[in-house]
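Data first, discussion second: the structure below is written as structure tokens.
Protein chains: 2
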Amino acid sequence: MNSSTTTVAESNAFVTTFDLSPTCSGPLHGLRFAVKDTIDVAGFKTGCGNPTWRDSHPAAVVHAVCVEQLLRAGAHCVGKTISDELAFSLSGENHFYGTPLNAHAPDRVPGGSSSGSASAVACGLVDFALGTDTGGSIRVPASNCGIWGFRPSHGFASVAGVNPLAPSFDTVGVLAQSADVLAKVGLVLLASAPASPKKQPTIHLIREAFALADADVQEALSEPLRRLREIFGGAVRESSLRELVADDAGHSFATWVDTFCVIQWAEIESCLGAWIASAGPEFGSEIAASFQLMEQLDRRRVAEAVQRREQYFRSLDQFVGPDDLLCIPTTPVLAPHKGDPPRRSSSGSGYYPRTLSLTSIAGIGRLPQVSLPIADADGVPVGLSLLARHGQDSLLLEAAKRTEKQVCS
Amino acid sequence: MNSSTTTVAESNAFVTTFDLSPTCSGPLHGLRFAVKDTIDVAGFKTGCGNPTWRDSHPAAVVHAVCVEQLLRAGAHCVGKTISDELAFSLSGENHFYGTPLNAHAPDRVPGGSSSGSASAVACGLVDFALGTDTGGSIRVPASNCGIWGFRPSHGFASVAGVNPLAPSFDTVGVLAQSADVLAKVGLVLLASAPASPKKQPTIHLIREAFALADADVQEALSEPLRRLREIFGGAVRESSLRELVADDAGHSFATWVDTFCVIQWAEIESCLGAWIASAGPEFGSEIAASFQLMEQLDRRRVAEAVQRREQYFRSLDQFVGPDDLLCIPTTPVLAPHKGDPPRRSSSGSGYYPRTLSLTSIAGIGRLPQVSLPIADADGVPVGLSLLARHGQDSLLLEAAKRTEKQVCS
Chain W
1 MNSSTTTVAE SNAFVTTFDL SPTCSGPLHG LRFAVKDTID VAGFKTGCGN PTWRDSHPAA
61 VVHAVCVEQL LRAGAHCVGK TISDELAFSL SGENHFYGTP LNAHAPDRVP GGSSSGSASA
121 VACGLVDFAL GTDTGGSIRV PASNCGIWGF RPSHGFASVA GVNPLAPSFD TVGVLAQSAD
181 VLAKVGLVLL ASAPASPKKQ PTIHLIREAF ALADADVQEA LSEPLRRLRE IFGGAVRESS
241 LRELVADDAG HSFATWVDTF CVIQWAEIES CLGAWIASAG PEFGSEIAAS FQLMEQLDRR
301 RVAEAVQRRE QYFRSLDQFV GPDDLLCIPT TPVLAPHKGD PPRRSSSGSG YYPRTLSLTS
361 IAGIGRLPQV SLPIADADGV PVGLSLLARH GQDSLLLEAA KRTEKQVCS
Chain S
410 MNSSTTTVAE SNAFVTTFDL SPTCSGPLHG LRFAVKDTID VAGFKTGCGN PTWRDSHPAA
470 VVHAVCVEQL LRAGAHCVGK TISDELAFSL SGENHFYGTP LNAHAPDRVP GGSSSGSASA
530 VACGLVDFAL GTDTGGSIRV PASNCGIWGF RPSHGFASVA GVNPLAPSFD TVGVLAQSAD
590 VLAKVGLVLL ASAPASPKKQ PTIHLIREAF ALADADVQEA LSEPLRRLRE IFGGAVRESS
650 LRELVADDAG HSFATWVDTF CVIQWAEIES CLGAWIASAG PEFGSEIAAS FQLMEQLDRR
710 RVAEAVQRRE QYFRSLDQFV GPDDLLCIPT TPVLAPHKGD PPRRSSSGSG YYPRTLSLTS
770 IAGIGRLPQV SLPIADADGV PVGLSLLARH GQDSLLLEAA KRTEKQVCS
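In the order they appear, the protein sequences are chains W and S. Taking my numbering, the leading residue of the first sequence gets 1, the next gets one more, and so forth. Taking my numbering, the leading residue of the second sequence gets 410, the next gets one more, and so forth.
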């Protein structure tokens, strides 16, 4: 663990701290971790960042399966971390519990919804932390805070004991200080062995994804991309959305965002709608606006969105070879400044549509994604992302380690 | 729809009936369906077969995504059907709501937990019904009631608005009167196009699965198997568990059942444990015994079970070619007689270990499975099952239709 001068209190990353010993020795021996407060730890309420939720639900009686796996692999659990309310936000500013510190950019938000987990890692208070990622909730805070973040392929890491948000996209994953720890923990969650690629991967830089990014993000990523090309040579190529999916609509990210949001909002309402209607929870204004937007969705649109999602999933599964990688900026913008939370919308040029343009690729494609803390813009962290084919998580984690050695050094 | 002389009241299949019109015309135009009461229909409580659950949860405010899909495809929803309590049973006898009629074998249980859905279809009251299947809850009642049942590949049909039981195995699927309707509805849920196999499939009859079956089940299946061999010729071959997985332990079904049960029970406790502890629900004695067994699980065993599951999943994914099928009896025994509910255990020669020996293959492998109503033993229905590779659901549904034409005729 890095030496750190930030205290737990200064980080404001934690809901509670405790000391939970490993149940066995294993590959994570000696590592300390924290758990996002949307994931069960026995004996504690899973608060999901909202006091009404906390008050209207009983304490967990058992650990989530993912927590059991980590304890069994030798890691030490030291606390639970702040989440954005019900995990339905990418900002990291919680109306009730405050804003976890973004250690490398203290005037900016850490990103969310795994805000406390990212903060705890970036502040050096833990070696890694569990987060959840439905629409970007691990990848965005990893990018904002300058740490490693891993969203697994959908459906391969157990979400039992993790509060459901939108099951077709929900994943549990990892934030870590190094690619090595990220890979070790990722393999434990996936119950998978390390893999080595059978052949040199083709790395597809998605042209429209880089074009979407702000100038400062593009500039920050230019040197890492140059080194990537230098190291991998002809294996790095520019590809277009036009090659990824066949239909014209899919050549614009607007369609990806709309498809993702229609399904996500419909599923969130399925998971949380009845509770909201019966418990009448108080929300911060940003989250309240998001839920209002969700309730306005015409659910008759869902079937068509699911069709498009499956069509794009299959296209991506065809396009991305078993050893191949996609490469995009994790987010198109720097972490927003604190105190100015972006409002949600599913179209236009606001923060959410632009960010979801990039994060929805993994969501729709069920793809694994790693955000690499590979760059900065005048000290503000900028993440670059690699994605692999659905189910090729081990290869992706291996590629992340290799990139850390060759590009970050 | 078959003409039927059984009334809704006589079937005891329904919790409630109503009339919900399609929201569009589509491929399911003119078909009527029912929904298992573990799946949300807006305005109704999702009772999950247990009065305490019903009383302690608010009404659904929106339809589950799967219900939206069916209404949008032109189908007509006519009611909600009885489920075994919390879907944690294969019997179909509900302590509180009684036993839905097994139309073809009235002195036997319909099987569960999608008991009412299977009954409603077999009684000819609907063309198809939605069920859920974690450990066999669609396949077993389909086999018992002499109808078609489809459990999709894990992770490809939305479970939003479906009460979670064990997320790593939970699926929503279909019970139907014909392979044609089964396939049409399956494709709507999967948002997938029909597929035709690129080459003649190899059909692997799993030797140990047939050997496990009672003599009357084996005998009932001998004629359909003979016709299968006659039609498909050399493409039908006997295969062994030894070819499916490499490790010695996996050559016995006992290991499959233990692996499945450890993960299933751990996940059920994650999903329901806190509610059980806080609401203190009343259960029927069979279900109460199952939950007691669940609570006795040493959760430190979960990590190892997940490892074995993933190892077997990868082995199966290697073994089963993209066009290939596996073939097993759906269950090794005839539907038990009413009034003698089998007790749950995870080892030994009881009803659950033997039945889960066969149903756990799809669970562990994330494989899609169709149970075909292809045989009977002195009038008591016996199902034969085909399974395909993970994600090859369209091909499986097509194969089911072909088999109906060629073997059932």
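The beta-carbon is built from N, C-alpha and C at its ideal position, and this holds for glycine as well.
Residue-level contact to chain S via CB, residue i, 8 Å cutoff
i	result
Leu190/W	yes
Ser345/W	no
Ala166/W	yes
Gly363/W	no
Gln307/W	yes
Gly299/W	Looking at the sequence provided, one finds Arg at residue 299/W rather than Gly. Cβ-Cβ to chain S under 8 Å: yes for Arg299/W.
Gly146/W	no
Gly161/W	yes
Ser360/W	no
Pro368/W	no
Ser158/W	yes
Thr5/W	no
Val185/W	no
Ala87/W	no
Val181/W	no
Gly321/W	no
Counterpart residues of residue i in DSSP-defined beta bridges
i	result
Glu647/S	Leu614/S
His485/S	Arg441/S
Gln369/W	Arg151/W, Leu387/W
Ala786/S	Val789/S
Leu131/W	Per the sequence shown, the amino acid found at residue 131/W is Gly instead of Leu. According to DSSP, which records beta bridges pairwise, Gly131/W is partnered with Gly173/W.
Leu20/W	Cys77/W
Phe14/W	Thr81/W
Ala251/W	Checking the displayed sequence, the identity of residue 251/W turns out to be His instead of Ala. For His251/W, which the question treats as bridged, DSSP gives no partner whatsoever.
Ile138/W	Ile138/W is not bridged to any residue.
Ile448/S	Val571/S
Contact belief for residue i with residue j at Cβ below 8 Å, rounded distance in angstroms
i	j	result
Ile104/W	Pro332/W	Here the sequence assigns His to residue 104/W, which means Ile is not the residue at that position. Going by Cβ atoms, the distance from His104/W to Pro332/W rounds to 19 Å, so no, they are not a contact pair.
Ala482/S	Leu510/S	That belief does not hold up - the Cβ atoms of Ala482/S and Leu510/S are roughly 28 Å apart, past 8 Å.
Thr455/S	Ala443/S	Not really, about 14 Å apart at Cβ, beyond 8 Å.
Phe260/W	Leu356/W	6 Å
Thr580/S	Pro561/S	5 Å
Any C-beta of chain W under 8 Å from that of residue i
i	result
Gln801/S	no
His438/S	no
Val581/S	no
Val530/S	no
Met410/S	Because the pLDDT of Met410/S is 38, which lies under 50, any placement of that residue in the model is unreliable, and the number read from its coordinates should be weighed accordingly. No, because no Cβ of chain W sits closer than 8 Å to the Cβ of Met410/S.
His504/S	no
Val811/S	In the sequence as presented, Val is not what sits at residue 811/S; that position holds Arg. Answer no: the Cβ-Cβ gap between Arg811/S and chain W never drops below 8 Å.
Leu806/S	no
Ala527/S	no
Val444/S	no
Ala604/S	no
Ala391/S	The requested residue 391/S is not part of the displayed model; chain S covers only 410 to 818.
His513/S	no
Gly540/S	no
Pro509/S	no
Can you list, in chain order, the residues of the region 446 to 460 of chain S whose Cβ is nearer than 8 Å to any Cβ on chain W?
The region 446 to 460 of chain S vs chain W, Cβ under 8 Å: Asp449.
If you scan the region 455 to 532 of chain S from start to end, which runs of the alpha helix (DSSP H) of 4 or more residues do you find wholly inside it?
The region 455 to 532 of chain S contains these whole alpha helix (DSSP H) runs: 460 to 464, 474 to 481, 524 to 531.
Residues of the region 62 to 80 of chain W with Cβ closer than 9 Å to any Cβ of chain S, in chain order
Here the close residues are Val62, His63, Ala64, Val65, Glu68, Gln69, Leu70, Leu71, Arg72, Ala73.
So within the region 140 to 201 of chain W, which uninterrupted alpha helix (DSSP H) runs reach at least 4 residues, ignoring any that extend past its ends?
Complete alpha helix (DSSP H) runs here, min 4: 179 to 190.
Output, in sequence order along the chain, the residues in the region 650 to 680 of chain S whose CB is closer than 9 Å to any CB in chain W.
For the region 650 to 680 of chain S, which is checked against every Cβ of chain W, the residues closer than 9 Å are Ile672, Ala675, Glu676, Ile677, Glu678, Ser679, Cys680.
Got a sec: which bits of the region 203 to 235 of chain W sit with their beta carbon under 8 Å from any beta carbon on chain S, in order along the chain?
Within the region 203 to 235 of chain W, no residue has its Cβ closer than 8 Å to any Cβ of chain S.
Of all the residues that make up the region 416 to 440 of chain S, which are near chain W by a beta-carbon distance shorter than 8 Å?
Cβ contacts with chain W: Thr432, Cys433.
Whole beta strand (DSSP E) runs in the region 667 to 747 of chain S with 3 or more residues, listed along the chain?
Entirely contained in the region 667 to 747 of chain S, the beta strand (DSSP E) runs reaching 3 residues are, in chain order, 734 to 738.
Can you pull out the residues from the region 686 to 698 of chain S whose beta carbon lies closer than 9 Å to at least one beta carbon of chain W?
Those residues of the region 686 to 698 of chain S that come within reach of chain W (Cβ to Cβ, closer than 9 Å) are Ala686, Ser687, Ala688.
When you check each C-beta in the region 785 to 801 of chain S against every C-beta of chain W, which residues fall closer than 8 Å?
Within the region 785 to 801 of chain S, no residue has a Cβ that lies closer than 8 Å to any Cβ of chain W.
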